[in-house]
Amino acid sequence: MVSNSKPLIDEKGDASPSRGDAPGEGRTLLALEGMTCASCAMRIEKGLKKVPGVKEASVNLVSEQATVLYDPAQTSVEQMVQKVDAVGYKATPLIVPVSKPVPKETEKESHVVLDLEGMTCAS
Ligand code: 9UX
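Here it is in structure tokens:
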């Protein structure tokens, strides 16, 4: 007897678009200028994270670069640069859609990073 009582296993519509590596994610690198202390880096990081569409931002004070993970549908590198500018620093995109030679500024300044409590800067 054929008793087909076994229901078809319906694969659950697992509507999870992001499985670790989500599509529609962009990553960019910004060259930062004007950071003097660690608080500067924090400010830029916080500022970048406030930009709608930015998912993750991490600022490296030593290399003076910011890595930003963002949703290209919601924001653009231009907006991040503007945001950094608004916070009081200068950002130059290192990774842009069009590849162009990055000007090499061999400006080797010696930076002393002090862990200062409290703001001593003008901004
Ligand atoms: Mo930055 Mo500081 O703008 O003591 S130099 S936070």
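Everything in the sequence shown is counted per this note's numbering, starting at 10 for the first residue and increasing by one.
Even for Gly, the Cβ is constructed at its ideal location relative to N, Cα and C.
Q. If we call anything under 8 Å between Cβ atoms a contact, is L39 one with T101?
A. Within the sequence shown, the letter at position 30 stands for residue 39. Within the sequence shown, the letter at position 92 stands for residue 101. Yes; because the gap between Cβ atoms is below 8 Å, this pair is in contact.
Q: Report the rounded CA-to-CA distance for S108 versus E54, giving the unit in angstroms.
A: If you number the sequence shown from 1, residue 108 lands on position 99. If you number the sequence shown from 1, residue 54 lands on position 45. Note that S108 scores a pLDDT of 45, beneath 50, so its modelled location is shaky; the value from the coordinates is reported in the next line. Cα to Cα, the separation comes out at about 25 Å.
Q | Paired residues, beta bridge with P61 - DSSP | A | By one-based count along the sequence shown, residue 61 stands at place 52. P61 is not bridged to any residue.
Q) Does the beta carbon of K55 come closer than 8 Å to any beta carbon on chain B? A) Structure shown: chain B not included; a single protein chain is present.
Q.
Nearest by alpha-carbon distance to S72: which of G33, E34, P61 and G43 is it?
A. Here residue 72 refers to the residue found at position 63 of the sequence shown. Ranking G33, E34, P61 and G43 by Cα distance to S72 puts G43 first.
Q: Express the C-alpha separation of T37 and V63 in angstroms, rounding to a whole number.
A: Mapped onto the sequence shown, residue 63 falls at position 54. Mapped onto the sequence shown, residue 37 falls at position 28. For V63 and T37, the distance between alpha carbons rounds to 11 Å.
Q | 8 Å contact criterion, which V60 and K92 should meet: CB distance rounded | A | On the sequence shown, residue 60 is found 51 positions in, with the first residue counted as 1. On the sequence shown, residue 92 is found 83 positions in, with the first residue counted as 1. About 5 Å; that satisfies the 8 Å criterion.
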